[in-house]
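Number of protein chains: 2
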Amino acid sequence: MRATLIHGPRDVRLEQVPDPVLHRPTDALVRVVASCVCGSDLWPYRGVRPTPHPRRIGHEFVGVVEEVGADVRTLRPGQFVVAPFTVSDGTCVHCRAGWFTSCEHGSGWGGQDAEGVATDAGQGEYVRVPLADGTLVAMPDAPDADLLPSVLTLTDVMGTGHHAAVSAGVVPGSTVAVVGDGAVGLCGVLAARRLGAERVIAFSRHASRQALAREFGATDVVEQRGDEGAAAVRDLLGGVGADAVLECVGTKESMQQALDTARPGGQVGFVGVPAGGPELPVRQMFDTNVGVRGGMAPVRGYIADLAAEVYAGTIRPGAVFDLVLRLDDVAEAYAAMDERRAVKSMLLP
Amino acid sequence: MRATLIHGPRDVRLEQVPDPVLHRPTDALVRVVASCVCGSDLWPYRGVRPTPHPRRIGHEFVGVVEEVGADVRTLRPGQFVVAPFTVSDGTCVHCRAGWFTSCEHGSGWGGQDAEGVATDAGQGEYVRVPLADGTLVAMPDAPDADLLPSVLTLTDVMGTGHHAAVSAGVVPGSTVAVVGDGAVGLCGVLAARRLGAERVIAFSRHASRQALAREFGATDVVEQRGDEGAAAVRDLLGGVGADAVLECVGTKESMQQALDTARPGGQVGFVGVPAGGPELPVRQMFDTNVGVRGGMAPVRGYIADLAAEVYAGTIRPGAVFDLVLRLDDVAEAYAAMDERRAVKSMLLP
Chain U
898 MRATLIHGPR DVRLEQVPDP VLHRPTDALV RVVASCVCGS DLWPYRGVRP
948 TPHPRRIGHE FVGVVEEVGA DVRTLRPGQF VVAPFTVSDG TCVHCRAGWF
998 TSCEHGSGWG GQDAEGVATD AGQGEYVRVP LADGTLVAMP DAPDADLLPS
1048 VLTLTDVMGT GHHAAVSAGV VPGSTVAVVG DGAVGLCGVL AARRLGAERV
1098 IAFSRHASRQ ALAREFGATD VVEQRGDEGA AAVRDLLGGV GADAVLECVG
1148 TKESMQQALD TARPGGQVGF VGVPAGGPEL PVRQMFDTNV GVRGGMAPVR
1198 GYIADLAAEV YAGTIRPGAV FDLVLRLDDV AEAYAAMDER RAVKSMLLP
Chain V
898 MRATLIHGPR DVRLEQVPDP VLHRPTDALV RVVASCVCGS DLWPYRGVRP
948 TPHPRRIGHE FVGVVEEVGA DVRTLRPGQF VVAPFTVSDG TCVHCRAGWF
998 TSCEHGSGWG GQDAEGVATD AGQGEYVRVP LADGTLVAMP DAPDADLLPS
1048 VLTLTDVMGT GHHAAVSAGV VPGSTVAVVG DGAVGLCGVL AARRLGAERV
1098 IAFSRHASRQ ALAREFGATD VVEQRGDEGA AAVRDLLGGV GADAVLECVG
1148 TKESMQQALD TARPGGQVGF VGVPAGGPEL PVRQMFDTNV GVRGGMAPVR
1198 GYIADLAAEV YAGTIRPGAV FDLVLRLDDV AEAYAAMDER RAVKSMLLP
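So the sequence lines, in the order shown, correspond to chains U and V. Note that the numbering used here gives residue 929 to position 32 of the first sequence, counting from 1, and the numbers run on in steps of one. Note that the numbering used here gives residue 1130 to position 233 of the second sequence, counting from 1, and the numbers run on in steps of one.
In structure tokens, the structure reads:
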């Protein structure tokens, strides 16, 4: 089959790789119907994180079950499934508590599973899915072309934006600010409104992203950054900061923006993968009682509820995809996002 | 009158200072009935924080209203009052949201009030209280000698321990670990049990503090620290970390202990004044979804509820005082805490 490998900075290639096969009776084999490029894929693409040797890449995909192992109980061939961005058994103490990303037998795509067997990544034609019952979520039926992008967001960005909102403690009536106008930040806007936020202020300097933020329910857009940005939010909110701030970037600057934008006693929900290990200014948190909570989103647990709304048409997170390419053009899918010509690229086989 | 000044490391003195007078119609004058030394007073006492010039010290006191300004509406001479460790107006947007420590007209004791007038500190005979209606909380009556220590804890340590528990998200059935066996940590144990925690594990290596922790409701004591300490907590909790961890020290090591002791998705409630500005490892927080929330406790908002239980006798936080001295012996009150001969020193005029 064909699958994407990253070789180094700005060097991703579609290559021939071995066809996956079932290794264990709890595995399933999935034919990828759609995949996409994540903002966090850009860290190795840009060389911010090293790529010591070529490796498979891509952790967001949906598809059809082709084959299941003898011990797979909840899935059958032909079902359309959403794969969250991590593998989880669904049965360990952390999964049962909803923290699927801390699964005792968890793993990621394109590395090794918990038993040391190589796993496929998402930007390819087929994927062997370990612990299939615990990992995959079956959809009621295969989405049509209109619905497909929104279903695809459930693998990561919509669930991650939702996790930012949940971690920030968004409740009905909350005032919310969102740092980051990438796909996750935009989904965070949507998630915050869905949870009942009264005001949602999106930080964005890009006209197309501002438009999408407003489509997703942002009530205001702030173009300033730093102290000016925080002041602009306070101006919009009667002189106080936001109850909840969603940090959807992962840099020291974006986290500082988030902390500065929250009101005393407010909460930052962060989901941006920390790039370069920024640390948090604990003294500022102490003085302001602004909490910080979040991390790798346990999206497995969010898929069912969000899918119901996607299928019902009440939310349409798939609007974050503004570029659709064939897998052959995966290099362009990365380049377009890297150069900010696209918010998010979808890949079809 | 006589009041305590700190001159430098290990140099506190009781001295003659001017008698306080009412400066503004919103002031009250309070005769101090009891005060005490705070763990955070030990930072300048130990030279961890500089003392560039002699200054008044002490931010925990209770007493009797002697005189009120013309605009004071809720207090009258003769009432017994609890003073939280910060001044607050009670009316600004932050006070109304419960964040009294972020009051727009707030200040501390022994510095300057919001209008630049010097304020008295707690370890003395009398205190001018700015914004008296917003700051002081009147008790139903003057506590007797048995009750006095518990009422005195409402100025800071009991409210701060409670804030740690609230910030850590303690709810009925929670498993809790408490880092720090000083007065605040011990009050944190009491607060966690009061909020319904099922298990409360106290980190402590001191027999007398362990005994007090158990008296306050700790179900277990762990003597190990670092990785061993975190492992010991997991052993007690069926292999997972604690739902909620109270960080009641304020060092980089204690915060790391707290983060390492929480379960994935758990929460650290921190109230230890950050000493030397330790920062938080955001990558660990991202990987584990352990949140961090807390800070300077808005104790003003907790006093009424906690006082009701203190007067009813259902909680007895005053047991943290294991040394009672006259104000003349304030130097010994500090030395005993510094040398860990006392958990907490109470001072009578």
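C-beta: ideal position from N, C-alpha, C; glycine also.
Taking residue i and residue j to be in contact with their CB atoms under 8 Å, please state how far apart those CB atoms are, rounded to whole angstroms.
i          : j          : result
V/Thr-1050 : V/Pro-1214 : 4 Å
U/Pro-1195 : U/Trp-1006 : Not really, about 16 Å apart at Cβ, beyond 8 Å.
V/Cys-933  : V/Leu-1244 : 6 Å
U/Gly-1056 : U/Gly-1169 : Not confirmed; about 15 Å, so no contact.
U/Glu-1176 : V/Val-1179 : 6 Å
V/Leu-1156 : V/Ala-1062 : Not confirmed; about 17 Å, so no contact.
U/Ala-1127 : U/Ala-1110 : Not really, about 18 Å apart at Cβ, beyond 8 Å.
U/Met-1152 : U/Phe-1167 : 7 Å
V/Val-1130 : V/Thr-1148 : Going by Cβ atoms, the distance from V/Val-1130 to V/Thr-1148 rounds to 19 Å, so no, they are not a contact pair.
U/Thr-901  : U/Val-1221 : No, U/Thr-901 and U/Val-1221 are not in contact; Cβ-Cβ is about 16 Å, not under 8 Å.
Please state if the CB of residue j and the CB of residue i are separated by a distance shorter than 8 Å.
i          : j          : result
V/Tyr-1199 : V/Pro-1037 : no
V/Ala-1248 : V/Arg-953  : Because chain V is modelled from 898 through 1246, residue 1248 of chain V falls outside the range shown and cannot be assessed.
V/Pro-951  : V/His-904  : yes
U/Thr-1297 : U/Val-979  : The requested residue 1297 of chain U does not occur in the structure, where chain U is confined to residues 898 to 1246.
V/Gly-1079 : V/Val-1240 : yes
U/Cys-992  : U/Glu-957  : no
V/Gly-1085 : V/Cys-989  : no
U/Pro-974  : U/Val-984  : no
V/Val-969  : V/Tyr-942  : no
V/Gly-1066 : V/Leu-1087 : no
U/Asp-1235 : U/Leu-911  : no
V/Ala-1094 : V/Ser-1071 : yes
V/Val-1097 : V/Val-1075 : yes
V/Val-1137 : V/Gln-1164 : no
In the DSSP output, what is residue i paired with across the bridge?
i          : result
U/Phe-958  : U/Ser-932 and U/Ala-980
U/Pro-1178 : V/Glu-1176
U/Tyr-1023 : U/Arg-928
V/Glu-1144 : V/Val-1076 and V/Phe-1167
V/Arg-1197 : According to DSSP, which records beta bridges pairwise, V/Arg-1197 is partnered with nothing at all.
V/Glu-964  : V/Leu-926
U/Val-1221 : U/Met-1243
V/Ala-1139 : V/Ala-1159
U/Gln-1009 : U/Ala-1015
V/Pro-1190 : Pro is not the amino acid found at residue 1190 of chain V; the sequence shown has Arg there. BP columns for V/Arg-1190 point to V/Gly-1166.
Quick one: what does DSSP say residue i is sitting in, helix, strand or coil?
i          : result
V/Pro-941  : helix
U/Phe-1113 : coil
U/His-904  : strand
U/Met-1234 : helix
U/Thr-971  : coil
U/Glu-1120 : coil
U/Ile-1098 : strand
V/Arg-1106 : helix
U/Leu-911  : strand
U/Val-1081 : helix
U/Ser-1004 : strand
U/Gly-1031 : helix
V/Asp-1227 : Before going on, a small fix: residue 1227 of chain V reads as Val here, not Asp. DSSP places V/Val-1227 in helix when its eight states are reduced to three.
U/Arg-1090 : helix
V/Arg-899  : strand
V/Arg-952  : strand
V/Leu-1049 : helix
U/His-920  : coil
U/Ser-985  : coil
V/Pro-1040 : coil
U/Arg-946  : coil
U/Leu-1134 : coil
V/Ala-1061 : helix
V/Ser-1151 : helix
U/Thr-1211 : coil
V/Gly-1066 : coil
Mind checking the region 1188-1219 of chain V against chain U and listing, in chain order, the residues whose C-beta falls within less than 8 Å of any C-beta there?
-> Gly-1188, Val-1189, Arg-1190, Gly-1191, Gly-1192, Met-1193 and Pro-1195
Taking a cut of 8 Å between CB atoms, which residues from the region 991-1019 of chain U lie near chain V?
-> His-991, Ala-994, Gly-995, Trp-996, Thr-998 and Ser-999
Which residues, in order along the region 1177-1188 of chain V, keep a beta-carbon less than 7 Å from a beta-carbon of chain U?
-> Answer in chain order: Leu-1177, Pro-1178, Val-1179, Arg-1180, Met-1182, Phe-1183, Asp-1184, Thr-1185, Asn-1186 and Gly-1188.
Looking at chain U, which residues of the region 1153-1166 of chain V have a Cβ within less than 8 Å of any of its Cβ atoms?
-> Arg-1160, Pro-1161, Gly-1162 and Gln-1164
Residues from the region 1115-1144 of chain V in contact with chain U, defined by Cβ distance under 8 Å = From the region 1115-1144 of chain V, only Gly-1135, Gly-1136 and Val-1137 have a Cβ closer than 8 Å to chain U.
Below 8 Å between beta carbons is the criterion; list the residues of the region 1068-1096 of chain V that meet it against any residue of chain U, in chain order.
-> Listed by position along the chain: nothing, the set is empty.
When Cβ atoms are compared, which residues of the region 1031-1043 of chain V fall closer than 9 Å to chain U?
-> none
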